[in-house]
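Counted from 1, the sequence shown has number 284 at position 134 by the working numbering; the numbering is strictly sequential. Note that beta-carbon positions come from the ideal geometry of N, C-alpha and C, so glycine has one too. Just so it is clear, the structure is predicted and the values come from calculations on it, not from any experiment.
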Amino acid sequence: VETGQVAKQLSGHAAAVYGLAFQADSKQLVSASADGSARLWNVDSGAEVRQFVVPVAPTDETESPKPVAPCLAVATQGNLIATANSDGGVYLWNAANGQLAKTLETLDGAVYRVAFNADATKLLAVGHTGRIVIRNIADGKPLLDASAPAVAYDGRFTADRSRLAIAGADGNVHLLDVPAAAR
């Protein structure tokens, strides 16, 4: 039996890393950490390319930037990175320049998973309240707002975008039909 050897270690986060997503070409990797940041890495060199931290205007000198939650998604085209935080906000970043492109208010509590549809025109967010929200990325409008019977830990579009699979804290996977406008 072969055993995998550590080929490289990507160091830079100051706390546990909870989320990972490769760019479509597998040359870059995005990580999300409990330290409040997401980072884009060059896989071959191990170099950090950039950090993503939600900018906020501090109310006093002791307030720090709003942290990014340890969930993220990368659009299949590689142009957008979505991160989220515990206040229900989802942040869309331009992967090429690291700039915050858009903020989407999605949930009332912590976001546990974000996912793009196949052509990165819609974004799914699920989380602690059990809400399941799909937003149109272009204008931010909600296209689906549903509820799971329990905390929703994960959510994924099917390849044809006609259904969602939602992982629930109740021990079940919930399948939801997606309205045509939300696909």
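For this session: Would you give the residue range spanned by the beta strand (DSSP E) that I284 belongs to?
Result: 281-286
Problem set entry | Run of the beta strand (DSSP E) containing A265, from where it starts to where it stops | 261-266
For this session: Only counting runs of 4 or more residues, tell me where the alpha helix (DSSP H) segments fall wholly within the region 168-253, in order along the chain.
Result: none
For this session: Specify the secondary structure class of A270 as computed by DSSP and reduced to three states.
Result: coil
For this session: Report the partner residues of G154 according to the DSSP bridge assignment.
Result: Its beta-bridge partners do not exist; DSSP assigns none.
Problem set entry | With 16 other Cβ atoms within 10 Å as the buried cut-off, status of K272 | buried
Exercise. Starting from A296 and walking both ways along the beta strand (DSSP E), at which residues does that stretch end?
Worked result: 292-297
For this session: Spell out a yes or no on whether the region 166-174 and the region 183-192 are touching, meaning 3 or more CB-CB pairs, one atom from each, closer than 8 angstroms.
Result: yes
For this session: Starting from V323, trace the beta strand (DSSP E) both ways and give me its first and last residue.
Result: 323-327
Exercise. Whose C-beta lies closer than 6 angstroms to the C-beta of L274 among residues of the same chain, with five residues either side of it excluded?
Worked result: A265, I284, G305
Exercise. Are A300 and L326 touching if we call contact CB-CB under 8 angstroms?
Worked result: no
Exercise. By Cβ distance below 7 angstroms, which residues in the same chain neighbour H324 in space, the five residues on each side in sequence not counted?
Worked result: A298, I316, G318
Exercise. For A302, which option in A260, N286, R189 has the closest C-alpha, if you only look at C-alpha atoms?
Worked result: A260
For this session: Whole angstroms is fine: what's the gap from K158's alpha carbon to D175's?
Result: 18 angstroms
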